[in-house]
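To start, the structure itself, in structure tokens.
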Amino acid sequence: MRMLTFAGRNTKEILRDPLNLAFGLGFPLVLVLLLSAIQANIPVKLFEIQHLTPGITVFGLSFMTLFSATIIAKDRGSSLLQRLYTTPLTPMDFILGYTLPIIPIAIAQCVVCYIAAIILGLSITANILYAIVFIIPISILYIALGLLFGSVLNDKQVGGICGALLTNLSAWLSGIWFDLDLVGGAFKKISYALPFVHAVDMERAVLAGNFAGVFPHIWWVLGYAAILLILAVLLFLRQMRKQ
Amino acid sequence: MDAIRIEGLTKKYKDVVAVDDLRLFVRKGELFSLLGVNGAGKTTTVKMLSCLTQPTSGDAFLNGKSICKDSAAVKSLIAVSPQETAVAPGLSVRENLELMCGVHGFSKGKQNAKISELTELFGLESVIKKKAGKLSGGWQRRLSIAMALISEPDTLFLDEPTLGLDVLARSDLWDIIRSLKGDVTIILTTHYMEEAEVLSDRIAIMKDGKLLICDTADNIKGTAKTDNFEQAFVRIVKGVAK
Chain B
3 MRMLTFAGRN
13 TKEILRDPLN
23 LAFGLGFPLV
33 LVLLLSAIQA
43 NIPVKLFEIQ
53 HLTPGITVFG
63 LSFMTLFSAT
73 IIAKDRGSSL
83 LQRLYTTPLT
93 PMDFILGYTL
103 PIIPIAIAQC
113 VVCYIAAIIL
123 GLSITANILY
133 AIVFIIPISI
143 LYIALGLLFG
153 SVLNDKQVGG
163 ICGALLTNLS
173 AWLSGIWFDL
183 DLVGGAFKKI
193 SYALPFVHAV
203 DMERAVLAGN
213 FAGVFPHIWW
223 VLGYAAILLI
233 LAVLLFLRQM
243 RKQ
Chain F
8 MDAIRIEGLT
18 KKYKDVVAVD
28 DLRLFVRKGE
38 LFSLLGVNGA
48 GKTTTVKMLS
58 CLTQPTSGDA
68 FLNGKSICKD
78 SAAVKSLIAV
88 SPQETAVAPG
98 LSVRENLELM
108 CGVHGFSKGK
118 QNAKISELTE
128 LFGLESVIKK
138 KAGKLSGGWQ
148 RRLSIAMALI
158 SEPDTLFLDE
168 PTLGLDVLAR
178 SDLWDIIRSL
188 KGDVTIILTT
198 HYMEEAEVLS
208 DRIAIMKDGK
218 LLICDTADNI
228 KGTAKTDNFE
238 QAFVRIVKGV
248 AK
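Quick mapping for you: the protein sequence lines, in order, are chains B and F. For what it's worth, this note's numbering labels the leading residue of the first sequence as 3, then goes sequentially. For what it's worth, this note's numbering labels the leading residue of the second sequence as 8, then goes sequentially.
Laid out in structure tokens, this is it:
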């Protein structure tokens with residue numbers, strides 16, 4: 003109950019910021035529309051709607067990192083967290099309270115992208131529902147990154163690291179915008195050592211109904227999500243003790 | 008039983024002793040001020056008493072509960088209004104109060120009653136639907152203290168509650184703090200000498216983590232041989248008056 007109250011407050015704070023709505027829901031939508039328009043004029047296999055949409059739904063999650071990191075960093079800066087640390091809320095209440103509200107937002111973002119894709123010609127199949135379900139572990143990975151950055155950075159640094167650096171890394175190293183085989187070498191190796199391209203490949207496999215193709219990508223996603231979540235919890239508890 | 012009994016409380020950060028063997032007591036219902044220049048150890052003392060920081064040695068007891076061994080019980084007795092205005096900016100005034108009711112596990116009935124009571128006490132009716140982030144500094148401070156009082160604490164820590172407020176807003180807040188005296192034990196830290204003198208039952212002056220004096224404002228002035236409290240503070244901190 004206490005945790006839900008705190009989670010409810012976090013949901014309101016995120017959804018009442020018009021910039022969050024614009025970037026969280028609007029930006030991925032614009033990308034789907036824009037790249038589909040490019041595809042209509044200059045056909046590129048990568049930008050075909052069934053390839054593009056899973057990538058955009060994963061890329062859109064980098065905004066979830068920004069949301070969670072920003073709200074934690076702002077709460078730390080404003081002493082609201084200090085006040086709440088003197089209440090009966092437990093460390094687990096804080097961690098769940100910051101994590102859970104963003105999952106429905108991530109799902110909503112994914113649903114909006116798929117609705118737009120259907121309007122643009124994506125075939126309606128049950129695989130879309132599976133793709134939305136598979137977005138949940140990926141969203142936890144991105145939220146954990148936010149919890150991690152929010153625990154160590156101030157709100158201005160969060161804007162730079164999560165808003166600029168992470169969104170770019172998540173875009174370049176994910177194989178959404180260009181085929182990683184075209185670059186190859188160390189770039190491709192680094193990309194496949196990170197979770198972003200695995201998340202995109204997994205979503206593409208699910209949408210295509212190729213469930214065998216989910217492996218081994220899902221292990222990369224789950225592994226990174228678990229490690230980042232553990233690291234994020236440790237760093238959050240560390241800053242909690244420091245307060 | 009005293010509201011607070013501090014026994015040899017010490018906090019060290021590497022080579023720096025922020026609070027050094029502090030020993031004092033605060034009576035129930037008393038408004039007790041902690042004064043000192045920057046780095047005197049006031050905020051560290053408040054952080055230790057509110058279980059935000061572990062002491063290096065010593066202990067303190069709030070209503071007999073140890074801050075070291077029974078911090079959960081201590082947290083249920085206290086509330087803190089931090090120096091920075093600690094409100095949720097995207098929530099309305101009412102939603103901020105509801106948030107504090109929720110994290111303390113209040114029923115819907117108790118929540119409504121408590122919010123009505125505090126809204127009236129702090130005169131928040133006119134701003135109840137406004138977003139906290141859009142309020143002036145004075146209104147945010149009022150809301151911040153109202154949020155601290157939601158849990159009906161035995162002891163309330165007010166860390167520089169009137170910092171940066173204009174004269175009228177400060178005067179209004181003083182009236183509210185006065186109205187709380189007796190019901191709640193209040194620990195006030197402030198840099199405003201006049202505020203401490205006007206509001207406090209007793210005042211402790213700290214320097215370099217050590218307690219220099221703890222007495223009523225009149226007795227402190229007597230010790231420093233002056234009628235002016237600010238002058239008395241300066242003399243005591245500079246070591247002119249012993």
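Just so you know, even glycine gets a beta-carbon here, dropped at the ideal spot from N, CA and C.
Chain F contact residues for serine 80/B, given Cβ-Cβ distances below 8 Å: Within chain F, the residues near serine 80/B are Glu91, Thr92, Ala93, Val94, Pro96.
Test: methionine 66/B CB closer than 8 Å to a CB of chain F: So no, methionine 66/B is outside the interface.
Simplified DSSP state of serine 73/F, which is helix, strand or coil: Note: serine 73/F maps to strand in three-state DSSP.
Min CB distance aspartate 19/B to chain F below 8 Å: Yes - at least one Cβ of chain F is within 8 Å of the one on aspartate 19/B.
Contacting residues, own chain, Cβ-Cβ under 8 Å from asparagine 156/B (five flanking each side not counted): For asparagine 156/B, where only same-chain residues beyond five positions count, the Cβ hits under 8 Å are Ala75, Arg78, Gly79.
Reference isoleucine 105/B, options Leu82/B, Gly28/B, Gly62/B, Leu31/B, closest by Cα: Closest option to isoleucine 105/B, Cα to Cα, is Gly62/B.
Contact list for the segment 146-179 of chain B against chain F, Cβ threshold 8 Å: Residues: none.
9 Å Cβ cut-off: residues of chain F touching leucine 102/B: The premise fails here: leucine 102/B is roughly 15 Å from chain F at the closest Cβ pair, so nothing lies under 9 Å.
Chain F contact for proline 90/B (CB, 8 Å cutoff): True, the Cβ-Cβ gap to chain F drops below 8 Å.
Interface flag, phenylalanine 69/B vs chain F, CB-CB below 8 Å: Not closer than 8 Å to any Cβ of chain F, the Cβ of phenylalanine 69/B fails to qualify, so no.
Limits of the alpha helix (DSSP H) - the one that threonine 72/B falls within: Run containing threonine 72/B: 64-80, per the alpha helix (DSSP H) assignment.
Minimum length 4: unbroken alpha helix (DSSP H) runs contained in the segment 172-233 of chain F: Runs found: 174-187, 200-206, 224-231.
Under 8 Å from the C-beta of serine 83/F: neighbouring residues of chain B: The contacting residues are Pro90.
Interface residues of chain B facing alanine 86/F [CB-CB closer than 9 Å]: Within chain B, the residues near alanine 86/F are Arg85, Thr88, Thr89.
C-beta neighbour in chain F for threonine 13/B, strict 8 Å: Cβ-Cβ to chain F under 8 Å: no for threonine 13/B.
Interface partners of glycine 48/F on chain B, CB under 9 Å: Correct list: empty, because the minimum Cβ distance to chain B is about 17 Å.
Partner residues on chain B for histidine 111/F, Cβ-Cβ distance less than 7 Å: Per Cβ cutoff of 7 Å: Thr89, Pro90.
Nearest to alanine 9/B (by Cα), restricted to the options Leu124/B, Pro103/B, Tyr132/B, Gln41/B: Closest by alpha carbon: Pro103/B.
Within the segment 102-184 of chain B, ranges of the beta strand (DSSP E) (whole runs, at least 3 residues): For the segment 102-184 of chain B, not a single whole beta strand (DSSP E) run of length 3 or above is found.
Per DSSP, the bridge partner or partners of threonine 17/F: When DSSP reads this structure, threonine 17/F sits in a beta bridge with Ser64/F.
Cβ shell of cysteine 58/F (< 6 Å), same chain only, five flanking positions each side left out: Around cysteine 58/F: Ile74, Ser78, Val81, Lys82.
Spatially closest choice to leucine 224/B from Tyr144/B, Ser125/B, Thr101/B, Arg18/B, by CA coordinates: Of Tyr144/B, Ser125/B, Thr101/B, Arg18/B, the residue nearest in Cα terms is Tyr144/B.
Chain-ordered neighbours of arginine 4/B on chain F, where CB pairs are closer than 7 Å: Residues of chain F passing the Cβ test: Gly109, Val110, Gly112.
Where threonine 7/B meets chain F, residues with beta-carbon distance less than 7 Å: In chain order: Leu106, Gly109, Val110.
Contact the segment 220-232 of chain F vs the segment 61-75 of chain F: 3+ CB pairs below 8 Å: These segments do not touch.
Cβ shell of phenylalanine 68/F (< 6 Å), same chain only, five flanking positions each side left out: Residues Arg12 of the same chain have their beta carbon placed closer than 6 Å to that of phenylalanine 68/F, with the five preceding and five following residues left out of the count.
Neighbour list for cysteine 58/F in chain B, Cβ cutoff strictly below 9 Å: Residues of chain B passing the Cβ test: Tyr87, Thr88.
Supposed contact pair serine 38/B and leucine 54/B - C-beta distance, whole angstroms, cut 8 Å: 7 Å between Cβ atoms; contact.
Cutoff 7 Å; reference alanine 146/B; Cβ partners in own chain excluding five residues on either side: Only Ala227, Leu230, Leu231, Ala234 meet the Cβ criterion.
Residues sharing a beta bridge with aspartate 28/F, DSSP: For aspartate 28/F, which the question treats as bridged, DSSP gives no partner whatsoever.
C-beta contact flag for serine 70/B and serine 172/B at 8 Å: No, Cβ-Cβ distance for serine 70/B and serine 172/B is not below 8 Å.
C-beta contact flag for proline 30/B and cysteine 115/B at 8 Å: Yes.
Where leucine 42/F falls: helix, strand or coil (DSSP): Leucine 42/F sits in a strand when the DSSP states are folded into three classes.
Cysteine 108/F versus lysine 217/F: straight-line alpha-carbon distance, rounded: In this structure, the CA atom of cysteine 108/F is about 37 Å from the CA atom of lysine 217/F.
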